[in-house]
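First up is the structure itself, then whatever we jot down about it.
2 protein chains.
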Amino acid sequence: MNGVSYQPVRSDEEVTTGAPLAARILAKIDLDDGDILVVPQKVVSKAEGRCVRLDGVTPSARAVDLARTVGKPPELVEVILAESRRVVRAAPGVLIVETSHGFVCANGGVDRSNVKEGWVCLLPEEPDRSAQQLRQHLESATGVRIGVVVSDTFGRPWRLGQQDVAVGASGVLSLLDLRGTLDRLGRRLEVSELAIADGIAAGAGLLMGKREGVIAVRARGLSEFMGDGSVRDLLRPAKDDLFR
Amino acid sequence: MNGVSYQPVRSDEEVTTGAPLAARILAKIDLDDGDILVVPQKVVSKAEGRCVRLDGVTPSARAVDLARTVGKPPELVEVILAESRRVVRAAPGVLIVETSHGFVCANGGVDRSNVKEGWVCLLPEEPDRSAQQLRQHLESATGVRIGVVVSDTFGRPWRLGQQDVAVGASGVLSLLDLRGTLDRLGRRLEVSELAIADGIAAGAGLLMGKREGVIAVRARGLSEFMGDGSVRDLLRPAKDDLFR
Chain A
6 MNGVSYQPVR
16 SDEEVTTGAP
26 LAARILAKID
36 LDDGDILVVP
46 QKVVSKAEGR
56 CVRLDGVTPS
66 ARAVDLARTV
76 GKPPELVEVI
86 LAESRRVVRA
96 APGVLIVETS
106 HGFVCANGGV
116 DRSNVKEGWV
126 CLLPEEPDRS
136 AQQLRQHLES
146 ATGVRIGVVV
156 SDTFGRPWRL
166 GQQDVAVGAS
176 GVLSLLDLRG
186 TLDRLGRRLE
196 VSELAIADGI
206 AAGAGLLMGK
216 REGVIAVRAR
226 GLSEFMGDGS
236 VRDLLRPAKD
246 DLFR
Chain B
6 MNGVSYQPVR
16 SDEEVTTGAP
26 LAARILAKID
36 LDDGDILVVP
46 QKVVSKAEGR
56 CVRLDGVTPS
66 ARAVDLARTV
76 GKPPELVEVI
86 LAESRRVVRA
96 APGVLIVETS
106 HGFVCANGGV
116 DRSNVKEGWV
126 CLLPEEPDRS
136 AQQLRQHLES
146 ATGVRIGVVV
156 SDTFGRPWRL
166 GQQDVAVGAS
176 GVLSLLDLRG
186 TLDRLGRRLE
196 VSELAIADGI
206 AAGAGLLMGK
216 REGVIAVRAR
226 GLSEFMGDGS
236 VRDLLRPAKD
246 DLFR
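The listed protein sequences derive, respectively, from chains A and B. Under the working numbering, the first residue of the first sequence is numbered 6, with each subsequent residue one higher. Under the working numbering, the first residue of the second sequence is numbered 6, with each subsequent residue one higher.
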């Protein structure tokens with residue numbers, strides 16, 4: 006593989022529902038065959054209208070209870086529970102759930118930064134589909150073949166700090182299976198599967214300052230990782246997970 | 006931030022103990038002020054002679070016992086235990102420990118790929134120091150100011166696939182604290198600390214094929230993340246960890 010480059014795509018206009026995201030991206034940057042475009046979840050969710058006004062939410066008894074444990078507003082906890090299929094950990098200041106998509110993350114991906122006061126932003130309903138639709142728009146406008154990754158910023162156990170991971174992918178190999186590949190000395194590899202889409206999201210994430218209005222990052226030089234992938238490939242089944 | 010680029014540094018010669026790594030890197034690539042060089046742990050460990058011949062290892066009773074549980078050779082388990090301060094999870098095929106450095110990872114970072122038959126390769130004794138020494142050699146040879154990250158490929162809970170993370174850093178801000186920073190709409194950010202060194206390692210990891218003889222990756226365009234960091238900044242204290 007030769008070099009890889011990441012280029013940020015900035016826009017000062019606020020993304021709103023129905024905003025023609027593909028057109029806005031293409032107004033700012035060109036795309037070539039093999040490019041992979043990383044788009045932050047917040048941008049996709051806003052374009053899809055996945056925002057909720059907290060004062061229109063009536064918390065259930067369960068949400069009120071859990072809100073007390075974690076020290077978060079009951080309306081917010083209600084929205085998080087509605088996005089979740091199970092609570093993984095609840096402690097003061099911490100609410101880690103498994104979302105309906107299968108992501109294990111803090112607050113079910115629901116967050117309040119860069120969202121209007123009193124509102125919260127949810128993950129896209131089907132982030133793979135969001136990636137696929139954006140990819141189709143971009144490909145039909147340009148005639149080139151690209152990949153799209155939708156990213157979000159998650160914490161992780163064991164290590165401090167958050168990092169961008171893929172929550173949606175289209176046209177990108179999410180997971181590269183190396184089992185059976187031999188190393189330089191002709192032996193079987195111990196590293197067996199590489200989380201490609203997460204690596205691309207993490208690399209792009211370094212260019213997404215939280216204030217700078219980056220609506221996408223173009224990764225160039227990773228065309229060997231194009232293929233039919235889904236973020237579902239990256240989800241460890243709960244029954245195989247020793248930490249859930 | 007403008008664009009970021011990653012360039013692989015390849016070498017076909019096998020890295021051996023005492024190999025002048027800095028000179029080999031500089032024979033292949035130029036360095037500018039602000040570049041960050043990512044070097045795989047395996048390359049650093051081999052240069053430091055951190056390899057062990059398994060048939061010279063006598064497994065303790067505890068290692069023999071644990072080897073039975075996890076289905077790995079007792080000699081290998083003995084080496085892993087010697088690198089560890091505690092076992093986090095043991096199950097058939099899986100041995101996750103906390104290393105003496107504080108990393109939680111499979112097999113204590115001990116691995117057999119790209120190592121001579123019958124030998125295993127350990128993590129550097131003090132990977133931050135390894136990064137610092139390599140940085141000093143590179144800086145004094147070139148007169149430029151750079152950062153160095155030592156990376157390794159770790160699995161993670163909840164998600165499938167492995168990803169490169171930082172195990173050593175020098176001249177790089179490992180963790181960027183955003184607490185108190187305001188978002189575009191003037192509100193406090195929910196994402197509070199970014200794992201910068203891990204993001205750089207992950208981005209570079211996409212260029213480190215497991216067979217291709219990549220001895221380093223040069224990241225350019227990330228100079229805003231230079232600073233005094235240590236991988237210790239990235240280690241979540243066990244008492245604050247809900248998953249250990």
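A virtual CB, placed ideally from N, CA and C, is assigned to each residue, including glycine.
What residues of chain A sit near residue i, judged by a beta carbon separation below 8 Å?
i                     : result
residue 10 (chain B)  : 8, 9, 10, 11
residue 41 (chain B)  : The premise fails here: residue 41 (chain B) is roughly 10 Å from chain A at the closest Cβ pair, so nothing lies under 8 Å.
residue 246 (chain B) : 162, 163
residue 180 (chain B) : 165, 166
Report back the beta-carbon spacing between residue i and residue j to the nearest angstrom; my notes put them in contact at under 8 Å.
i                     : j                     : result
residue 175 (chain A) : residue 136 (chain A) : 4 Å
residue 235 (chain A) : residue 169 (chain A) : Contact flag wrong, Cβ pair sits at about 18 Å.
residue 210 (chain B) : residue 12 (chain A)  : No, residue 210 (chain B) and residue 12 (chain A) are not in contact; Cβ-Cβ is about 20 Å, not under 8 Å.
residue 125 (chain A) : residue 69 (chain A)  : The pair is not a contact, with the Cβ atoms about 17 Å apart (cut-off 8 Å).
residue 128 (chain A) : residue 107 (chain A) : Not a contact, Cβ separation roughly 11 Å.
residue 146 (chain A) : residue 52 (chain A)  : Residue 146 (chain A) to residue 52 (chain A), Cβ: 16 Å. No contact.
residue 3 (chain A)   : residue 160 (chain B) : Outside the displayed range of chain A (6 to 249) lies residue 3 (chain A), so it cannot be described from this structure.
residue 164 (chain A) : residue 239 (chain B) : 5 Å
residue 59 (chain B)  : residue 81 (chain B)  : 6 Å
residue 251 (chain B) : residue 200 (chain A) : The first residue shown for chain B is 6 and the last is 249, placing residue 251 (chain B) beyond what the model contains.
residue 105 (chain A) : residue 90 (chain A)  : 6 Å
Would you mind reading off the limits of the beta strand (DSSP E) that contains residue i?
i                     : result
residue 132 (chain A) : Careful: residue 132 (chain A) lies outside any beta strand (DSSP E), inside the alpha helix (DSSP H) at 132–147.
residue 78 (chain A)  : It is not in any beta strand (DSSP E) - residue 78 (chain A) carries neither H nor E in the DSSP assignment.
residue 221 (chain A) : 219–225
residue 156 (chain A) : 152–159
residue 173 (chain A) : 168–175
What residues from chain A crowd round residue i, counting only those whose CB sits closer than 7 Å?
i                     : result
residue 109 (chain B) : 163
residue 198 (chain B) : 165, 166, 167
What in chain B is Cβ-close to residue i, meaning under 8 Å?
i                     : result
residue 203 (chain A) : 164, 166, 168, 207
residue 249 (chain A) : 162, 163
Strictly below 7 Å CB to CB, what residues from chain B border residue i?
i                     : result
residue 227 (chain A) : 211
Hey, quick one: how far does the alpha helix (DSSP H) through residue i stretch, first residue to last?
i                     : result
residue 238 (chain B) : It is not in any alpha helix (DSSP H) - residue 238 (chain B) carries neither H nor E in the DSSP assignment.
residue 48 (chain A)  : 46–52
residue 101 (chain B) : That residue, residue 101 (chain B), is in no alpha helix (DSSP H); its beta strand (DSSP E) goes 99–104.
residue 29 (chain B)  : 26–31
residue 35 (chain A)  : Careful: residue 35 (chain A) lies outside any alpha helix (DSSP H) and carries neither H nor E.
Chain B partners of residue i, CB-CB under 9 Å?
i                    : result
residue 70 (chain A) : Within 9 Å Cβ-Cβ: nothing; residue 70 (chain A) doesn't reach chain B, min ~19 Å.
Nearest chain C C-beta to residue i closer than 8 Å, yes or no?
i                     : result
residue 137 (chain A) : Structure shown: chain C not included; protein chains present are A and B.
- [ ] Report yes or no: do three or more beta-carbon pairs, one from the region 74–85 of chain A and one from the region 93–112 of chain A, lie closer than 8 Å?
- [x] Short answer: they touch.
- [ ] Name, going along the chain, the residues of the region 143–157 of chain B whose beta-carbon falls closer than 7 Å to a beta-carbon of chain A.
- [x] Near chain A, meaning a CB-to-CB distance below 7 Å, no residue of the region 143–157 of chain B qualifies.
Open item on the list: Does the structure place the region 220–227 of chain B close enough to the region 30–38 of chain B that three or more beta carbon pairs sit under 8 Å?
Closed with: In short, these stretches touch, since the Cβ pair count reaches three.
Task: Under 8 Å (Cβ pairs) to chain A, residues found in the region 72–99 of chain B - done: Taking 8 Å as the Cβ-Cβ cut-off against chain A, the residues of the region 72–99 of chain B that qualify are 94, 96, 99.
- [ ] Determine contact between the region 38–45 of chain B and the region 146–159 of chain B, defined as no fewer than three beta-carbon pairs at a distance below 8 Å.
- [x] Yes: at least three Cβ pairs fall under 8 Å.
Open item on the list: Quick check: the region 230–241 of chain B against the region 51–69 of chain B, are at least 3 beta-carbon pairs closer than 8 Å?
Closed with: No contact exists between the region 51–69 of chain B and the region 230–241 of chain B.
Task: Cβ-based contacts, 7 Å cut-off: residues of the region 208–223 of chain B near chain A - done: Within the region 208–223 of chain B, the residues whose Cβ lies closer than 7 Å to some Cβ of chain A are 208, 210, 211, 212, 214, 215, 216, 218, listed in chain order.
TODO: Please list the residues of the region 229–242 of chain A that have a C-beta atom closer than 8 Å to any C-beta atom in chain B, keeping them in chain order.
DONE: The residues in question are 230, 238, 239, 240, 241.
Open item on the list: Residues of the region 108–132 of chain B in Cβ contact with chain A at a cutoff of 9 Å, in chain order, please.
Closed with: Residues passing the 9 Å Cβ filter: 108, 109, 110, 111, 112, 116, 117, 118, 119, 120, 121, 122.
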